[in-house]
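Participant: Numbered per mature numbering (1 follows the signal peptide of the UniProt record, and there is no 0), the sequence shown spans residues -24 to -1, 1 to 347.
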Amino acid sequence: MRNIALVFSILLLLSGVAAHSAYAADSIKIAAIFGKSGEASKSTIHHFQAVRYAVDELNRLGGVLGKNIEVIELDNHSSPIQSKLAAKKAVRLGVTAVIGCSWSDHSLAVAKVLQKQGIPMITPDSTNPAVTKVGDYIFRVAFVDTFQGRVLAEFASQTLHAQNAVIIQCIDSAYSMGLSRTFQEKFKGYGKKILGVFNYKQTQKDFSSIIKKSKKLNPDLLLIPGYDESGLIVKQAQELGIDAVMLGGDGWSYREFFAKGGMELKKGYYTCHWTKDVDSPKSKNFVKNYQRTYEVNESAALTYDAVMILAQAIQNAGSLDRKKIRSALASLSDFVGVTGQISFNETGNPDRPAIVMEITSGKSQFLQMVK
């Protein structure tokens, strides 16, 4: 009786393994790594939503290579260390590719793991140049901060005619520090002055000390290259009487920036990759359909494009072989996405323009496009 029970147990175990293997063989497993908890989570929930939406759309249309796509959502807890652990989990689960992360320091941690394992990765909106420099399996949909910083410096000096600036940067953010560095270099290249650079930490809430120091310098321009915490800074800066024009990067494009204080900004500008006002058939169709399910924003559009680019690369590769998918990504040309036409250059970055948005009394609108 014991032997029969043992044999029956083994058969059940084997059938479970076989069923799991069959399921895995009939689907394409990809991981989405973003924050479901921690500082980044309020903005990166949009990334998870966009991945689900894109995958649902693909599966409704028959999947890729005749297989459905299975998404494994991994929480990086808004930290580089947990991002690294999430990447290692994705490796153990045998994913074909990874979509993520959003914050640059998170993407850097993930990229180093995936590059060693030969797993393709596409980040929707990490803009620090170091991310794709990790290796040839790492790609991005967003422009890079060396380009964004140049655009901001050119706009500040040539359009706003600012003669000097103060910078308030997040010292523990690769994104903030990188964008600040490029802006300073290019701004000074126009013969302008940086009056001061002040640091804060990601979790900081009170910025009154550095704002008061900034006010004493009486700058024409206040650059705040942060994420949604920048909303707190611009709010407190106005309350403390800073009269400078305020400028930010694509980190200001999140709804959370406006919720934390950006909606009280009287006058400001920021760069971004896309706006729902873009007049293209692909963009308008996305806005029309996506808003029925989720909030339409830049992060969603970039993430949607990242998933669709991956699907196209797998289709072009005609295989789930990661090396072939990487090659297909590298040779991707003129992909028509929601956020524009995308081709990857030799560094895994797209050649794309930046959009300058103008904020007036807390409301943003398209101002100009810069190549």
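Glycine residues also receive a C-beta, built at the ideal position from the N, C-alpha and C atoms.
If you run the structure through DSSP and keep just helix, strand and coil, what is residue 210?
Facilitator: For residue 210, the secondary structure class from DSSP, reduced to helix, strand or coil, is helix.
Participant: Buried or exposed: where does residue 176 fall if 16 or more other Cβ atoms within 10 Å of its Cβ makes it buried?
Facilitator: With 16 or more Cβ atoms within 10 Å of its Cβ, residue 176 is classed as buried.
Participant: Am I right that residue 273 and residue 22 are in contact with their C-beta atoms under 8 Å? What's the rounded C-beta distance?
Facilitator: 6 Å
Participant: Please report how far the alpha carbon of residue 35 lies from the alpha carbon of residue 10, in whole angstroms.
Facilitator: 22 Å
Participant: Out of 188, 333, 174, 286, which one is the CA nearest neighbour of residue 144?
Facilitator: 174
Participant: Spatial neighbours of residue 90 within its chain, please: CB distance less than 8 Å, with the 5 preceding and 5 following residues excluded, ordered by chain position.
Facilitator: 63, 66, 67, 74, 96, 97, 113, 114
Participant: Give me the residue from 194, 154, 147, 135 with the minimum Cα distance to residue 166.
Facilitator: 135
Participant: What does the Cβ neighbour count give for residue 302, buried or exposed, with the cut at 16 atoms within 10 Å?
Facilitator: By the neighbour-count definition (other C-beta atoms within 10 Å, threshold 16), residue 302 is a buried residue.
Participant: To the nearest angstrom, report how far apart residue 245 and residue 2 are at their CA atoms.
Facilitator: Computed Cα separation, rounded: 48 Å.
Participant: For the structure I just gave you, are there three or more beta carbon pairs, one from the region 216 to 225 and one from the region 191 to 207, closer than 8 Å?
Facilitator: yes
Participant: Roughly how many angstroms lie between the CA atoms of residue 72 and residue 266, to the nearest whole one?
Facilitator: 26 Å
Participant: Taking residue 226 as the reference, which of 8, 38, 102 has the closest Cα?
Facilitator: 102
Participant: To the nearest angstrom, report how far apart residue 334 and residue 344 are at their CA atoms.
Facilitator: 9 Å
Participant: May I have a chain-ordered list of the alpha helix (DSSP H) segments no shorter than 4 residues that lie completely inside the region 227 to 303?
Facilitator: 231 to 235, 257 to 266, 274 to 293
Participant: Measuring only the C-alpha atoms, how far is residue 121 from residue 154?
Facilitator: 7 Å
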